[in-house]
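Step one of this worksheet: look at the structure below.
There are 4 protein chains.
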Amino acid sequence: MYSFLNDYSEGAHPRVLEALNQTNLIQTVGYGEDEYCTKAKEVILQKIGQPHADVHFLVGGTQTNMLMISYALKHYQAVIACDEGHIHVHETGAVEGAGHKILVRPHVHGKVTCDMIKDICLQHKDEHMVQPRMVYISQTTELGTYYTREELQDLYQTTRQYGLYLFMDGARLGSALALPDAPTLEEIAKNVDAFYIGGTKMGALFGEALVIIHDDLKPQFRYHMKNKGAMLAKGRLLGIQFYELLKDHLYEDIGHYENQMADLIRQALIQKGFSIYEPSQTNQIFVDLPQKALEAIEKEFMVTHMGTVSGGERIRIVTSWATSKEAVNAFVQLIENL
Amino acid sequence: MYSFLNDYSEGAHPRVLEALNQTNLIQTVGYGEDEYCTKAKEVILQKIGQPHADVHFLVGGTQTNMLMISYALKHYQAVIACDEGHIHVHETGAVEGAGHKILVRPHVHGKVTCDMIKDICLQHKDEHMVQPRMVYISQTTELGTYYTREELQDLYQTTRQYGLYLFMDGARLGSALALPDAPTLEEIAKNVDAFYIGGTKMGALFGEALVIIHDDLKPQFRYHMKNKGAMLAKGRLLGIQFYELLKDHLYEDIGHYENQMADLIRQALIQKGFSIYEPSQTNQIFVDLPQKALEAIEKEFMVTHMGTVSGGERIRIVTSWATSKEAVNAFVQLIENL
Amino acid sequence: MYSFLNDYSEGAHPRVLEALNQTNLIQTVGYGEDEYCTKAKEVILQKIGQPHADVHFLVGGTQTNMLMISYALKHYQAVIACDEGHIHVHETGAVEGAGHKILVRPHVHGKVTCDMIKDICLQHKDEHMVQPRMVYISQTTELGTYYTREELQDLYQTTRQYGLYLFMDGARLGSALALPDAPTLEEIAKNVDAFYIGGTKMGALFGEALVIIHDDLKPQFRYHMKNKGAMLAKGRLLGIQFYELLKDHLYEDIGHYENQMADLIRQALIQKGFSIYEPSQTNQIFVDLPQKALEAIEKEFMVTHMGTVSGGERIRIVTSWATSKEAVNAFVQLIENL
Amino acid sequence: MYSFLNDYSEGAHPRVLEALNQTNLIQTVGYGEDEYCTKAKEVILQKIGQPHADVHFLVGGTQTNMLMISYALKHYQAVIACDEGHIHVHETGAVEGAGHKILVRPHVHGKVTCDMIKDICLQHKDEHMVQPRMVYISQTTELGTYYTREELQDLYQTTRQYGLYLFMDGARLGSALALPDAPTLEEIAKNVDAFYIGGTKMGALFGEALVIIHDDLKPQFRYHMKNKGAMLAKGRLLGIQFYELLKDHLYEDIGHYENQMADLIRQALIQKGFSIYEPSQTNQIFVDLPQKALEAIEKEFMVTHMGTVSGGERIRIVTSWATSKEAVNAFVQLIENL
């Protein structure tokens with residue numbers, strides 16, 4: 006059985022693992038103050054074109070979201086997300102557990118819109134209601150869609166207008182970076198207050214690189230990390246991995262590859278006449294399948310069930326750096342022969 | 006200008022204030038361990054027919070909601086409410102500030118339904134999502150509607166089925182108690198795990214009497230109160246007030262009176278052809294008024310603006326124990342003469 | 006049995022209660038935005054000589070401490086207190102419950118010293134330890150002692166030097182205000198970043214007036230109050246009481262009176278040769294009594310047991326605005342006749 | 006420069022890294038539900054002789070302490086530790102940040118004693134103070150000492166008597182396991198309610214294996230992990246590492262080796278007449294050195310400065326699985342030649 010369940014089913018990209026092997030016995034200081042973290046930060050600052058940004062390496066996505074949001078907000082302030090937002094649905098109340106409300110509106114193609122933000126801000130006007138203070142978006146979104154360059158600029162302008170921070174969850178950022186109309190790393194850095202470059206789903210064993218642009222979100226962030234149990238003793242592990250991913254174009258290549266693999270599958274499904282939900286060019290595919298087709302697939306492949314739809318089941322297929330071309334070809338053939 | 010803005014515009018019902026005057030110089034121990042609190046608890050236990058319930062006197066409604074919910078839930082657990090729920094909209098994130106998510110569905114006549122609860126429970130199945138653990142309802146609701154005896158029983162059965170606590174916010178409980186098809190205090194106590202008998206909006210200077218029925222919600226609750234800064238030093242003030250409100254039928258009389266006053270106004274509005282939103286028989290009236298009528302009213306009366314509706318503005322009118330018959334008559338006459 | 010257990014055994018000073026009676030049926034808006042709160046704030050600003058300070062009326066002391074401290078600190082920051090500090094010992098972990106560590110050193114006559122502060126700041130230097138950010142003191146202290154004008158100035162200078170806020174708990178402030186070498190309200194306001202004027206123990210039914218001097222501690226404090234369940238619906242009750250206490254010199258008179266009553270008792274105890282613990286001129290007396298003397302006293306008076314000491318028991322006697330001269334005379338006579 | 010700064014200066018033990026290499030491209034499910042985690046749990050349950058214990062794999066020590074303590078306690082409850090306790094001094098308020106007070110007493114040879122526990126429990130008797138609910142100890146302690154078999158049994162009995170949980174931080178457990186009078190894994194499991202088997206400082210890249218013995222601490226712990234951002238997506242990484250460390254006796258061997266290396270250094274220091282602070286047989290050495298000796302050492306070795314002592318400086322030397330015999334020999338020789 007081959008798994009298309011997600012993009013974190015294997016360990017690390019071979020180059021990343023090799024870098025860990027090579028450096029294993031070198032002594033460094035702990036807690037991210039080593040030379041590998043320094044190098045990884047330098048390469049990130051260069052790529053994003055923001056020499057004064059802060060970079061912190063964290064272990065996981067929920068942790069990173071919770072840390073950034075809880076740093077930015079007081080308990081009476083809220084973060085805006087759409088109803089498919091990872092922080093709202095799939096983080097077991099981590100943001101609320103840290104003391105902050107999430108203000109939610111129905112998504113538009115998986116995304117937050119300027120209108121949502123305006124609507125929420127107009128409704129929250131006095132001290133008997135929470136005060137909106139941040140907007141949370143994901144690139145790519147939970148539905149595999151993404152914000153274009155223009156959409157991100159518009160969102161940023163709207164958050165300026167209403168005095169909100171804009172924070173981008175980049176768990177699957179690489180997939181978006183490979184698309185021509187999605188913002189580049191430099192463009193992202195100019196249009197958000199903080200974002201993270203996801204590692205866990207992009208070829209690292211684990212790790213997310215949080216980039217803080219807005220000066221108000223920087224002071225003493227390392228204290229905050231430690232207070233939340235999020236400062237890795239052997240911080241070097243994060244530095245080594247991110248340096249390897251980013252020092253040339255491995256990160257971008259991975260995004261390109263996983264999109265390519267997804268495209269092959271997507272085209273086969275479309276050819277066969279299956280209905281794609283929220284179609285895009287990223288590494289996630291949501292497709293509505295009749296029961297019989299699904300049964301045939303699940304003899305050989307693992308996919309995620311998203312729920313019943315008219316005429317069958319909606320399933321999710323995810324590709325990654327580790328997706329084998331053989332598996333994709335086998336899947337495509339299976340679809341063609343249905 | 007006479008205010009129909011809310012039911013806490015004046016001090017206390019004269020009998021309540023008189024009781025405070027009469028006892029002022031008597032020495033008691035602090036923190037609610039005095040004889041007045043004991044008497045008030047006894048009278049409540051008798052009225053609800055539950056000799057083993059716990060009763061705690063608290064100062065305000067948001068405080069009481071936050072205390073009960075945060076006691077009952079772990080941070081990974083959530084409370085279910087409808088989108089008009091006071092805890093969701095008008096408590097500045099107090100529940101989230103204490104670490105707990107509120108799971109929300111659109112209201113049905115201001116109320117939570119069994120279907121909402123089932124739907125939410127079916128969607129929250131693993132540790133990547135919060136675990137629903139409590140249902141929050143208000144009697145009367147934010148829209149002035151109320152749960153009937155049967156509706157409450159159904160909700161209670163549903164919460165049993167899904168392993169949830171049922172908690173009733175009774176800020177305006179007296180108004181519902183005056184209605185024949187609403188549950189009595191005894192019936193409420195049999196069909197919830199905890200509820201509170203509101204004082205602030207029912208004739209007390211301040212205060213809510215939290216009644217805990219379910220044994221799992223009782224241990225060390227006083228520690229919890231103190232930890233949240235919610236244990237009044239002169240706890241006697243709460244005991245004296247609730248004893249006075251409940252020792253005979255003052256509390257129920259107040260509910261009856263404020264409903265009567267609201268009915269006079271409601272009938273006048275209906276007669277005149279104005280559209281009532283979510284009509285009921287309680288002390289809150291929501292009515293859609295053309296701009297001109299509203300202007301006429303606001304020359305003499307203060308009312309709450311709820312937002313623009315087609316053809317005018319939705320306003321809220323609230324009556325209370327303190328509402329003067331003269332003011333009501335003047336309002337009615339004004340409406341008739343529009 | 007007459008109680009010397011504490012200074013909150015009765016209701017309110019007759020003038021305060023009368024003010025509540027007089028205003029009872031007047032309609033006001035809620036949540037502290039009424040004209041009584043405005044007047045009370047004005048009188049406070051005038052008395053402290055700080056026209057730009059913020060004033061918020063809260064219900065209780067633990068609540069006020071928790072609110073001010075949790076507003077000022079991030080979770081990785083700590084407040085410094087001595088080991089007798091109310092927040093450390095007698096608030097059931099309210100400050101920690103809100104997410105903040107208390108850094109503690111042994112008291113010197115019930116007080117925090119500049120040396121303690123320096124010592125703690127020198128020890129807390131990197132992100133693996135909490136960051137000291139505030140100093141908490143009480144005027145008068147838990148042991149009935151008080152900070153002199155010079156001591157307060159020194160503390161304030163030290164907190165400036167180390168980048169700390171200085172916060173004074175004034176639950177029993179009136180008792181200190183009556184002493185010539187203790188700082189006046191104006192002097193306090195010049196030498197702290199925030200403090201509160203205690204009402205609960207000074208003649209109010211309940212209530213503490215939090216005064217915020219430092220601009221960084223002001224923004225959106227009302228949101229914070231609401232989020233913690235600490236915004237009283239009928240906020241007027243606090244405004245009315247504080248206006249009555251402070252509009253002339255009732256507050257100061259109460260402090261003077263309770264000190265006088267305590268002095269009579271203290272002198273009798275000293276005359277009789279009993280050992281006073283941490284002697285002062287405020288309204289709290291700690292005295293070590295042999296068992297026999299204690300038994301004689303406890304036939305007629307209630308006092309607080311503080312623990313066993315060599316040769317007997319340490320007890321606490323507290324006077325207040327409500328302490329009757331007859332009771333004091335009877336107590337003094339009893340001591341003289343031992 | 007060779008570093009004796011700590012036991013997490015390198016990556017992972019070669020066998021651990023090799024296991025990660027071998028399994029890298031195998032697909033598994035995420036979040037610790039894979040077969041490697043299952044195998045690692047089985048081997049742990051077998052080693053501790055407790056088939057019904059729960060095991061959870063976490064990333065770091067502060068995270069593990071905060072998670073276990075915050076799960077066990079309500080906000081009005083406290084954990085007891087000594088003043089050298091890692092949670093009290095070196096976790097940046099993580100336990101308080103999660104809402105819980107730490108009750109502290111001066112250590113006795115780095116340890117908590119039964120008398121401390123009794124003393125604290127006797128002092129905390131009503132709802133105006135926190136309620137002690139857990140005792141936190143470390144094996145080995147922050148000073149390199151350890152609890153003997155008998156000491157642990159006594160502590161456990163005392164915690165039974167006072168209704169407290171006993172929780173052992175095992176960040177450096179392996180060092181103690183190698184000592185004959187320290188409790189074995191089986192003995193630990195019989196005498197605590199929860200403990201963790203440290204990986205980060207014992208040869209893993211990262212990771213701690215939390216073992217929960219007491220049934221009350223088990224339900225829904227995985228929800229709690231996720232809520233705190235502590236559930237690793239590629240949970241397999243933890244399973245693979247712990248299986249490799251524990252499947253035979255690598256973990257114990259590492260403890261033995263690092264103690265041996267420390268002994269060589271310790272003996273040389275003692276021979277030379279230097280004063281060892283809190284001497285033990287574990288992998289941490291605290292020694293008071295005159296300035297001149299320290300300078301000589303620091304030309305070749307990095308050591309941790311603990312503070313000034315009479316006649317010089319107290320420094321800490323730590324050995325680990327990675328400590329090279331050559332470095333130890335060079336250090337010993339340097340000492341001998343001083």
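Protein chains in written order, with my numbering: chain C, 6 to 343; chain D, 6 to 343; chain R, 6 to 343; chain L, 6 to 343. Note that CB positions come from ideal geometry on N, CA and C, so glycine has one too. If you're wondering where the values come from, they're calculated on a predicted model, not measured in any experiment.
In this structure, the CA atom of Asn232/L is about 15 angstroms from the CA atom of Ser75/D. Contact with chain D is absent for Tyr170/C, since none of that chain's Cβ atoms lies less than 8 angstroms from the residue's Cβ.
About 6 angstroms separates the Cβ atoms of His229/L and Leu72/L, confirming a contact at the 8 angstroms cut-off. Taken in chain order, the members of the region 116 to 138 of chain D whose beta-carbon sits within less than 7 angstroms of a beta-carbon on chain C are Glu132, His133, Met134, Val135. Of the candidates Phe336/R, Ser285/R, Thr67/R, Lys106/R, Phe336/R places its Cα closest to the Cα of Val308/R. In the three-state scheme derived from DSSP, where H, G and I count as helix and E and B as strand, Leu171/L is classed as strand.
Leu269/L and Tyr262/L have their C-alpha atoms roughly 11 angstroms apart. Cα atoms of Leu343/L and Ser8/L: separation of roughly 19 angstroms, rounded to the nearest angstrom.
Taking a contact to require three or more Cβ pairs closer than 8 angstroms, the region 49 to 58 of chain C and the region 108 to 115 of chain C do not qualify as touching. Selection Glu341/L, Lys252/L, Tyr151/L evaluated against Asn288/L yields Tyr151/L as nearest (Cα-Cα).
Note on geometry: alpha-carbon atoms of Glu257/R and Tyr13/R lie some 17 angstroms from one another.
Measuring C-alpha to C-alpha distances from Ala45/C to each of Lys297/C, Ile107/C, Ile202/C identifies Ile202/C as the nearest. Beta-bridge partners assigned by DSSP to Gly179/R: none are found. Within the region 271 to 296 of chain D, the complete beta strand (DSSP E) segments of 3 residues or longer fall at 289 to 294, listed in chain order.
When only Cα atoms are considered, Asp159/C and Tyr36/C end up about 37 angstroms apart.
The three-state secondary structure of Asp124/C, taken from DSSP, is helix. Under the Cβ criterion of 8 angstroms, Val60/C is not counted among the residues facing chain D.
At a Cβ-Cβ threshold of 8 angstroms, Tyr248/L and Tyr41/L count as neighbours.
Comparing alpha-carbon positions, the option among Leu10/R, Asn196/R, Asp88/R, Val21/R lying closest to Gln246/R turns out to be Val21/R. At a cut-off of 8 angstroms between beta carbons, Gly260/D makes no contact with chain C. Under the Cβ distance rule, His112/R does not count among the residues neighbouring chain L, no pair being separated by less than 8 angstroms. Only His80, Tyr81, Ala83, Val94, His95, Thr97, Gly98, Glu101, Gly102, Gly104, His105, Lys106 from the region 79 to 112 of chain C bring a Cβ to less than 7 angstroms from some Cβ of chain D. Among the CB atoms of chain D, one or more fall inside 8 angstroms of the CB of Ile31/R.
Residues Glu257, Gly260, His261, Asn264 of the same chain have their beta carbon placed closer than 7 angstroms to that of Ala183/D, with the five preceding and five following residues left out of the count.
The DSSP-derived three-state label of His229/D is helix. In the pairwise beta carbon analysis, the region 187 to 204 of chain C is classified as not touching the region 292 to 310 of chain C: fewer than three pairs are separated by under 8 angstroms. It is roughly 12 angstroms from the alpha-carbon of Arg177/R to the alpha-carbon of Gly65/R. In the DSSP assignment, Ile85/D falls within the unbroken beta strand (DSSP E) covering 82 to 87. Selection Ala332/C, Asp131/C, His133/C, Ala86/C evaluated against Phe306/C yields Ala332/C as nearest (Cα-Cα). The residue among Ala209/R, Gly179/R, Leu169/R with its C-alpha nearest the C-alpha of Asn196/R is Leu169/R. The residue from Glu47/C, Glu147/C, Gly90/C with its alpha-carbon nearest to that of Asn11/C is Glu147/C. Of the residues Gly212/L, Gly244/L, Leu222/L, the one whose Cα lies closest to the Cα of Gly240/C is Gly212/L.
Asp293/C and Val314/C do touch by the CB rule: their CB atoms are close to 5 angstroms apart, below 8 angstroms. Counting other Cβ atoms within 10 Å of its Cβ, Gln276/L stays below 16 and is therefore classed as exposed. Assignment of beta-bridge partners to Leu215/D by DSSP yields His61/D, Tyr201/D.
Excluding the 5 residues flanking it on each side, Asp39/L has same chain C-beta neighbours closer than 7 angstroms at Thr33, Gly240, Arg241, Gly244, in chain order.
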